[in-house]
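Residue numbers (full-length UniProt numbering): 1 to 587. A virtual CB, placed ideally from N, CA and C, is assigned to each residue, including glycine. First up is the structure itself, then whatever we jot down about it.
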C-alpha cells in the first residue's frame, strides 16, 4: 500500500515536472548519477528503482512466469503518458514507436519538438512509409537538445529556449560537437548530419514564428472600431516625438526662408512673443492708403516682434499656415516631452533641455534633401543678401529703402555697404547702359535730367563678338594692313541685302576706328555657286558661331574656282553675316 501511494505521488511529479521522487534505492553519486527519467516502478510491487539496475531487484510480490517478461518495458507502461491524448493518431503512432531512451523522452517532453512532429505528420501523413523519416528528424532535434543541455548545464532547458539570436554561437558549437567537428582539420565526422540539422532548425524557427504570430493575432476577439482606436493611439504615442521634431524643423526653416531672417533670430522665437503677435494693421489712417491686395495681406498675415542682433527688435511675418503649424507645436509640447520651463517655440526635446533647435542645422539638412542643384546657397546669409540685392533692382526711394533696412534688422548704411548688387553686375548692367547712350549722336541732350532707370537702349543695337579675330591676328602681315581699303568692301548674303537700309547700315557700325571717310564701293551679290562653296566648307563653324581663319579660307579658295573673284576678307565677312543673321532669327 505504501508503494502504491508513492507511485501516485511520483506520477504527479513526473507529469508536472516539479517535486521530489520517492524511490526505494538510489545509486551512489560517484558510481552512476541517476536522473529522474532513469527511475521506474516495479511492475509487481511499484517500488521505484533505477531501470538499469531493476534486474537486481528481488520483488516479494513477483509471480512465477513461464515466459520471459520484459521488465523495463512493463515499467514504462506504468509511467504517466508523455504523449498527449490530443495528438492525432498518426503522431501518437510515430512517437509511441520510438525506442524508449533519453532522446525519445526528450522529444516527448519538448512542446516545440512535438509541434514540429505534428507539422511533419500533417504534411506526410498520407504515406505511412514516411514515419521513419519523421522519427529521424525528431531524433536529430532530441539529440541537439540533449547536447545543448549539457553545454549550458541546464537539464530542464527546452528547444524553444535556444531559438534566440543571442545564443546562435552556442547552438553552432553544440551542432559541431554533435557532428564531430575537428578544430585542427576543420572537418566533420558526420558532415551530412550537420547539414540535416541546419535545415531542420530552419523549419523549427518558422514554426516558432508562426506560433508568435498566432498568439499575437487578437483582432478577432476585439471589435474592429475599438482595435483601430487602440492602434492609432499606440501609433501616435510612439511616433509623436519624432513627428514633433520634424514639424518643428520644417516650420522653422519655412519662417527663415520666407522672412529672410537670421537663423539665430528665428530660432529664438519665444512663446511669450508668439502669444502677443498681432494680425493686420493697427493704424486706420495708414490702412486707408493701402491697396486692396495689401489690405487682404494684412488680414491674413501675422506679425510678431523678436529680439534681433545687438538687442534690436525685429519683426517676423507669419502666414496662416505657419500659425497653424506653430499652434500644433504648442498644443503638443507636453506629449512630445518638452520641458515646461523651456521658453522657446522651437524647443529641443531631449533630456528636459531648455535650449532651442538651431535654424542653421535645419536649413542645411532640408536643403540637402530637397533636390536643389546648389543646396549650399540655401543659407540664411545668402537669402538675406538675395532679398537686398533684388530689391535694389526695384529702384526704391529713400523711404522704401529705410523700411526694407529696418525689416532686415540693420541700418540703411549697412544695407548700402554690404547688401547691394555685386560690382561686376553694376558695371555691366548700369555702366554699360550709360556708355552705350554716350555713343549716340546728341546723347547729352537726350540724357539731360534722366536717371539710369530712365535711360533706354534700342533693342536693335548689338555688340557682335568676333571669335575669329584671335585666329586671324596671328596670320595677318604688313600686306594685310595695306589692304584696308579693300576690307571696307563688305559683301553680304542676299538675305542681308533684302533687309531695309536702316538695318543694313547697323551691321558694321562699330568697325570704323578712324575719322577717314569710307570709300564708296559697288556691292556684288553672292551667286548660288559661291554660297554653296562657302557653306560646303564652313557650315560647321557657322553653326557653332565661329569664324574661319585666313589660312583656312585661302585653302578653300584654291579648291573652289567660284571663289577666285573674292578676297579672303569677303568670305570671312560672309560667314560673320550668316552668324549675325542666324542669331537675330533665334531672338
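Residue nearest to residue 343 within the set 335, 336 and 353 is 353 (criterion: CA-CA distance). Beta-bridge annotation (DSSP): residue 188 is paired with 181. At a Cβ-Cβ threshold of 8 Å, residue 134 and residue 124 count as neighbours.
Taking C-beta atoms under 8 Å as the contact rule, residue 348 and residue 357 qualify, at a distance of about 6 Å.
Contact between the region 106 to 124 and the region 166 to 173 is not established, with fewer than three Cβ pairs separated by less than 8 Å. Scanning 314, 530, 539 and 6 for the CA closest to the CA of residue 42 turns up 6. Taken in chain order, the complete alpha helix (DSSP H) segments of 4 or more residues contained in the region 296 to 357 are 320 to 331. When only Cα atoms are considered, residue 339 and residue 154 end up about 49 Å apart. A distance of 8 Å or more separates the beta carbons of residue 90 and residue 45. For residue 49, the enclosing beta strand (DSSP E) stretches over residues 48 to 50. Residue pairing of residue 548 in beta bridges, as defined by DSSP: absent, with no partner found.
When DSSP states are grouped into helix, strand and coil, residue 246 belongs to the helix group.
DSSP places residue 540 within a helical segment (H, G or I) once states are collapsed to three.
Between the beta-carbon of residue 103 and that of residue 207 there is about 20 Å, and that puts the pair past the 8 Å contact cut. In this structure, the alpha-carbon of residue 273 lies about 59 Å from that of residue 585. Rounded to whole angstroms, residue 147 and residue 93 show a C-alpha spacing of 26 Å. Non-local C-beta neighbours of residue 240 in its own chain, meaning closer than 8 Å and more than five positions away in sequence, comprise 332, 335 and 336, ordered along the chain. Straight-line spacing of the CA atoms in residue 71 and residue 177 works out to 34 Å. The region 364 to 379 makes no contact with the region 300 to 317; the number of CB pairs closer than 8 Å stays below 3. The residue among 33, 24 and 306 with its C-alpha nearest the C-alpha of residue 57 is 24. Taken through DSSP and simplified to helix, strand or coil, residue 41 comes out as strand.
The Cβ-Cβ distance between residue 553 and residue 571 falls below 8 Å. Per the coordinates, the alpha-carbon of residue 13 lies some 7 Å from the alpha-carbon of residue 20. When rounded, the separation of the alpha-carbon atoms in residue 262 and residue 249 is 15 Å. A check of alpha carbon separations from residue 158 across 359, 141 and 315 identifies 141 as the nearest. The shortest C-alpha to C-alpha distance from residue 322 to any of 211, 360 and 266 is the one to 266.
Restricting attention to 156, 200 and 161, the CA atom closest to the CA of residue 139 is found in 200. Excluding the 5 residues flanking it on each side, residue 326 has same chain C-beta neighbours closer than 8 Å at 251, 274, 318 and 345, in chain order. For residue 563, no alpha helix (DSSP H) segment is defined, and its DSSP state is neither H nor E.
Residues of the same chain with a CB within less than 6 Å of the CB of residue 162, apart from the 5 flanking positions on each side, are 148 and 171 in chain order. Going by DSSP, residue 114 is part of the alpha helix (DSSP H) stretching over 111 to 124. Between the alpha carbons of residue 383 and residue 556 lies a gap of roughly 56 Å. By the Cβ neighbour-count rule, residue 536 is exposed, with fewer than 16 other Cβ atoms within 10 Å of its own. DSSP, read as helix, strand or coil, puts residue 196 in helix. The secondary-structure analysis by DSSP pairs residue 270 across a beta bridge with 344. Excluding sequence positions up to five before and after residue 562, its CB lies within less than 6 Å of the CB of 529, 530 and 533, all in the same chain and listed in chain order.
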